[in-house]
Every structure is written in structure tokens, then in C-alpha cells.
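Going by full-length UniProt numbering, the sequence shown opens with residue 1, and the numbers climb by one from there. Structure, as C-alpha cells:
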Amino acid sequence: MDRRHFIGQSAAALGLLAGLSGQTKAASLQKAEILVIGGGYGGATAAKYLRLFSNNTARVTLIEPNTSFISCPMSNLVIGGSRNLAEITSPYDTLSKRHGIKIIQDSVSSIDPDGKTVKLSSGKTLRYDKVVVSPGVSLNMNSIEGLAQANKDGVTLQAWKAGAETVALHKQIAAMREGGTFAISIPEAPYRCPPGPYERACQVANYLKNHNPKGKVLILDANQDVTSKGALFKKVWAEQYSGIIEYRPKSNVIGVDGKNKTLKLEVEDDIKADVLNVLPQMAAGEIAVKTGLANSNGRWVNVNFLNFESTARKDIHVLGDSIQIAPLMPKSGHMANQHAKVAAAAIVAELSGWEVNPAPVLTNTCYSFVNDREVVHVASVHQYNAAEKTFKTVPGSGGLSPAPSTLEGVYAWGWAHNIWADSLG
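The following block contains the structure:
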């Protein structure tokens, strides 16, 4: 699938603002200041498509502290040692050079919804008419006793935001003693990327199989069962990683002793391991919580799914992992990309005085590498349901791999390069 086909399919599926032309420019749109906070799959895509859907007339500023985008999807391969960080890293400068987006390399310290201003960590204050907030997730270190200190000491790593920790975790695995144990703990859903921890377990097991064959992978899952692609993962674990991967459901980690590399479980006995990859409870990104947008259990942001505007504050649109998801909607990079397009189309329509698309459609695909070449996937289609004011999966849509294959591995890398180009190119 080439880049034009990927973008074309996305636009067709979403039913987005066809026929925009120079003659339809609205003065309110041209004058509006639109800020986008966060340059991940949601934020970068939103910034780009706000420009595209407005025929490059919208004034868009992207605020992102990092100089480059590092993809969380595919980062487990770096942890498993079959890829490097450079292969999943893309520059932001194309968004400014090709699309005229102003990029400010900074983070946001606060949002004033009443004054409609954003304060940057550098001290500068920016005014907005619309602000798109796509901050990913925050990790609640305090949900597990001792985790914050263990993480500060470098004993535990999460690597749930791709970057330096991704590389550091691979180094811990590579340095593990012969016959050592890698333990990964999974919090109760919802969390970012449902299949991600199970893919990671496969990548670590694949590395150990080739470099430390007596090593073990222990999956401590607080959930009742594997939350995504369960049958496929379990089959792989039995056939490819027998004697290496041990899966324990209903195993909730409640404490960490970093000095002794020990995990305390809610019910079972304490467990010692050589490498601890402890994933705590997650919530909306810190700036969303701080702004008072997390009005679903204090963790997630409720939005109007027609335009992704926060139900707590007007003119603040929230995307991606931070939102309270619709039924069966995953917290995935692909889904954040789709949220962004619906939100961008709606914002352009609102500022232009047009009707917002009343029936958007989202698509999603999640690929998981079960070793360095073979992949399984799950796909879904989500249609907005006006009566229930949420997205519902379309009956009979999507699908699941029958088995891992190297061909799907080719498709997975094709998907990655296409979505990176779609979001950042």
C-alpha cells in the first residue's frame, strides 16, 4: 500500500470535507489561532490535517518538547534487539517545511480555559481560539508501592513512551545473567496499546531464545486473561516459546522492592526477577488531568465524538490515549491518527460556519510481532452512532489473523512507514 492509497482510504472512510476550495475560505478560520499540544500520532496528524483541510489557510502551531518523533508502535522490536531506535524515528521539520506549521519546541505548563491561553514551560503565553490536546498517557507510579523509587534508581523501567528507556531496557535484557528471568507486569485495562505487553514478552523471549536460551519471561497480568489476540498469543507461546514464557493471569503487582529486585503481588507470593518491567496504572496525559479535563473516574477525558471536544471545557479537543474510549475502541497509534482527522475536519467546519460531519467512521489496525519476522494483526471499523452518541464497531468488519506469518511482517512495516508519512510527511 503506498502513501497516497493510505491517505485516500482514510479520507474516504472518514467522509471528510470533500471539495474544499479557495473560494470557501472563511475569515473566522483564517484569523483563528489553533494550538496543538503534543506531536504524537494524534497531535502531529491533527496539525497536518488542519492545514490540509483548510487549504493551508488555518494558523496552526504545534507545541512539542522533542526534536523528533519516536514511534511507540514498533518500539518493542528495539527492546528485542532486532531493530534500532533510528529506524522508528522521524523528524518534525517536514510539518513546517511542507505544510507551514509553526513548531515550538517546548512543553506546556498550564492551560487557562477561561482566558483561552496556554502557558509554556519557558514562560511564554500563547492565545488560542481552538486547542487540540494529544498528550498520550501518564503513568501512575504511586499506584504500586516502591515503584517511583525503583524507577528513579533505574532498577525498573517502563519504556511505554518510546525513547531512551526503550534502549536502556534492551541493554538490561542483554546484560541479564544466564538463565535469568525477565518479569513484565500488566495493569488492569484500560491502558495504552492492549496487545503491547504481550508483543513485548514475545520480543524478549525471541531474544533470549537466540542469546540466553535458559532465560525465562514471566508475564504477570492483573487482568482475567490476555486482553487482545489472546488465542494467537497463547498459541505462539506454546509453539515457539515453550519453557521460556510463563503467563500468569489475575496476578496484580502491588509493590516493588528495588534493592532486592522483588515484586509483591496482591495474592501470590513475592517474586524475584533479574529485569523488572513494571507497568503501572495509566491515565490521561498530565496536562489533561491538570486542566480538569479528566472527568471520567479522574483518569480519562470524556469527549463529544463528533468533534472530540472535551465535555468539560469548550474549544479544547482531546485525542488519542487520553480519552475515555468508545466500546471496543483500542488505545492505539492508528486510532489516535483517526481521531485527529475527524477532529481536524470538525474544527475547520466549525470555524468556517459549516455543518460538522454527522456520521464519521474510524478504522484501526494493530500489528504485533511474535518474533523478529512473523506478525499477527487485529483490525476493526467504528461507525458513529447518533442515537447513542458514541462509536460502535460495524458488525462483520475488521478481522483477526488466522496465524502468524512473515507476509504480515512485511505488511506491518508497510503500515508503519505509511502512517509515519501520513502523520508527519
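Quick reminder that beta carbons are idealized off the backbone N, C-alpha and C, glycines included.
Just to confirm, are residue i and residue j a CB contact at a threshold of 8 Å?
i: P187; j: Q281; result: yes
i: T156; j: L276; result: yes
i: A416; j: P73; result: yes
i: E268; j: N76; result: no
i: C202; j: V370; result: yes
i: S368; j: V376; result: yes
i: I111; j: I63; result: no
i: Q324; j: N302; result: yes
i: R59; j: I88; result: no
i: K229; j: V356; result: no
Could you name the residues of the same chain whose beta carbon sits closer than 6 Å to that of residue i, not counting the 5 residues immediately before and after it, in chain order?
i: Y241; result: A205
i: A159; result: E165, T166, L169
i: K102; result: T61
i: D270; result: T262, K264
i: I37; result: I63, V108, V133
Given a threshold of 16 other Cβ atoms within 10 Å of its Cβ, counted over all protein chains shown, does residue i qualify as buried or as exposed?
i: H211; result: exposed
i: G136; result: buried
i: Q172; result: buried
i: K341; result: buried
i: T125; result: exposed
i: E374; result: buried
i: H5; result: With a pLDDT of 43 at H5, under the threshold of 50, the modelled position of that residue is not reliable, and no figure is offered here.
i: R51; result: buried
i: G154; result: exposed
i: N418; result: buried
i: G146; result: buried
i: P213; result: exposed
My understanding is that residue i touches residue j, with C-beta atoms under 8 Å, so please give their C-beta distance in whole angstroms.
i: Y128; j: K119; result: At roughly 11 Å, the Cβ-Cβ gap does not stay under 8 Å, so Y128 and K119 are not in contact.
i: S138; j: A284; result: 7 Å
i: S251; j: L220; result: 4 Å
i: L351; j: V318; result: Not a contact, Cβ separation roughly 18 Å.
i: A183; j: A273; result: 4 Å
i: V133; j: I287; result: 7 Å
i: E246; j: K216; result: 7 Å
i: Q383; j: G258; result: With a Cβ gap of about 47 Å, Q383 and G258 do not count as contacting.
From what residue to what residue does the alpha helix (DSSP H) around residue i run?
i: L95; result: 93-99
i: K341; result: 333-352
i: L169; result: 164-174
i: Q240; result: 230-240
i: G414; result: 406-424
Between which residues of its own chain and residue i is the CB-CB distance below 7 Å, once the five residues before and five after are set aside?
i: Y41; result: G320, G333, A336, N337, S423
i: K31; result: none
i: L95; result: A44, A47, K48, L62, I101, I103, L424
By Cβ distance below 8 Å, which residues in the same chain neighbour residue i in space, the five residues on each side in sequence not counted?
i: K235; result: A403
i: A189; result: N223, T227
i: Q23; result: Note that Q23 scores 37 on pLDDT, short of 50, meaning its location in the model is unreliable and no value can be drawn from it.
i: residue 451; result: This structure cannot settle anything about residue 451, because the visible part of the chain is limited to 1 through 425.
Can you tell me where the beta strand (DSSP E) with residue i in it begins and where it stops?
i: F369; result: 361-369
i: T390; result: 390-393
i: V131; result: 130-133
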